[in-house]
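According to numbering that gives the first Met the number 0, the residues represented by the sequence shown are 0 to 277, in order.
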Amino acid sequence: MNYLVSKTKGVQGEFFKVLSSEKDIYLIPQNLENGVPYSPSYKLEEDEWFTIDDFSNKEFYIEFLSRTFISTDYNQVTKQNYSKLEYLCSVQGGTYFFQKIYESNLIKKKFLSMSATPVLVDSENEPILILNKIPDAIYDQDFDLLYFKKLSALTSIFRGIETLYKEATQVETEEFLKNDFIRLEEGYNVNKVKTANRKRIALAMDTLGTYSPQDQQSIFAYTKEYCGELQYDENHKFFRIKSEDDLKKLLYGIEQRYYTTLLGNEKRLANSVMVLNN
């Protein structure tokens with residue numbers, strides 16, 4: 000038997016039983032075997048999934064997964080709780096399917112049932128909750144492995160998982176921009192650094208921590224080679240950063256995203272990065 004449960008919003012939110020079914024509520028995607036260990040610098044292909052192994056030992060592992068699931072331990076969800084639901088979880092043997100609930104998943108309109116005998120249905124008083132074809136996350140208990148597509152969809156399910164792809168804080172961003180190799184010009188300042196670059200700064204700070212002073216100079220020379228339009232003061236050894244685009248180019252350089260093709264000698268930018276194990 001398969002069981003669908005729901006979790007209400009908030010730290011004190013509770014799990015409720017929604018329904019039981021002999022049919023699979025979610026199907027295991029055929030491409031689930033295309034798992035890639037999670038890396039914030041890697042962009043998934045359409046048929047790939049991120050994975051986190053040894054999941055039960057992570058700080059963001061939830062207690063619900065550690066307990067043997069017994070359906071009678073959970074109260075039936077009531078109509079009063081529908082507006083408070085945060086996510087769904089389908090328990091199908093040793094596999095758990097998670098779906099975050101958005102406003103777009105709830106239908107509160109009249110609709111026409113397109114059957115042999117069409118029926119007009121008014122769902123304003125009894126909203127319809129849409130189950131996505133593909134869940135936001137799948138946990139394989141046997142292999143202690145979590146599969147997912149977007150980390151941002153999991154932050155309200157696995158509290159703290161966002162630390163895997165953190166965004167630099169205001170203080171961290173200020174500290175990064177104060178580095179000797181950066182000179183802000185033309186009114187560009189910390190308050191103009193958007194989310195995408197703050198995430199890149201968080202990665203760059205970790206990367207710079209592994210570089211020696213000599214490594215840094217090599218990286219700056221490499222960045223200059225690929226980004227001729229990014230102004231560099233040879234005398235004082237700093238990049239002139241005047242815009243979000245300038246900062247992005249520098250951050251890509253620190254992460255060594257630029258490369259030249261073997262055939263054709265074409266300069267390119269890697270949209271995502273995966274570390275290969277030799």
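Virtual Cβ for every residue (Gly too), placed ideally from N, Cα, C.
Keep in mind the model is a prediction, meaning the values are calculated, not measured.
Can you give me the C-alpha to C-alpha distance between residue i and residue j, rounded to a whole angstrom?
{"i": "aspartate 205", "j": "cysteine 88", "result": "35 angstroms"}
{"i": "threonine 154", "j": "tyrosine 164", "result": "11 angstroms"}
{"i": "threonine 94", "j": "asparagine 264", "result": "47 angstroms"}
{"i": "asparagine 56", "j": "serine 40", "result": "23 angstroms"}
{"i": "glutamate 254", "j": "threonine 7", "result": "40 angstroms"}
{"i": "asparagine 124", "j": "asparagine 104", "result": "16 angstroms"}
{"i": "serine 70", "j": "glutamate 166", "result": "39 angstroms"}
{"i": "asparagine 74", "j": "isoleucine 181", "result": "58 angstroms"}
{"i": "alanine 136", "j": "phenylalanine 238", "result": "41 angstroms"}
{"i": "phenylalanine 49", "j": "serine 271", "result": "13 angstroms"}
{"i": "isoleucine 160", "j": "leucine 145", "result": "12 angstroms"}
{"i": "histidine 235", "j": "leucine 176", "result": "16 angstroms"}
{"i": "serine 114", "j": "aspartate 52", "result": "45 angstroms"}
{"i": "leucine 202", "j": "serine 20", "result": "44 angstroms"}
{"i": "leucine 207", "j": "glutamine 215", "result": "8 angstroms"}
{"i": "leucine 64", "j": "tyrosine 210", "result": "40 angstroms"}
{"i": "phenylalanine 15", "j": "lysine 83", "result": "11 angstroms"}
Per the DSSP calculation, residue i is bridged to which residue(s)?
{"i": "valine 35", "result": "Phe49"}
{"i": "threonine 259", "result": "Lys266"}
How close, in whole Å, do the beta carbons of residue i and residue j come, if the pair is a contact with beta carbons under 8 angstroms?
{"i": "tyrosine 138", "j": "phenylalanine 54", "result": "7 angstroms"}
{"i": "isoleucine 218", "j": "threonine 172", "result": "Contact doesn't hold; Cβ gap of about 20 angstroms is too wide."}
{"i": "asparagine 1", "j": "glutamine 79", "result": "About 25 angstroms; that fails the 8 angstroms criterion."}
{"i": "lysine 148", "j": "leucine 26", "result": "Incorrect: roughly 15 angstroms between the Cβ atoms, too far for contact."}
From the options, pick the residue whose C-alpha is nearest to that of residue i; which is it?
{"i": "lysine 248", "options": "Glu224, Ile156, Ser38, Val35", "result": "Glu224"}
{"i": "lysine 198", "options": "Gln216, Glu13, Gln215, Leu250", "result": "Leu250"}
{"i": "leucine 229", "options": "Leu183, Ile24, Phe63", "result": "Leu183"}
{"i": "lysine 107", "options": "Tyr81, Met113, Lys132", "result": "Tyr81"}
{"i": "glutamate 243", "options": "Glu185, Thr116, Leu202, Val17", "result": "Glu185"}
{"i": "lysine 193", "options": "Ser151, Thr222, Leu246", "result": "Leu246"}
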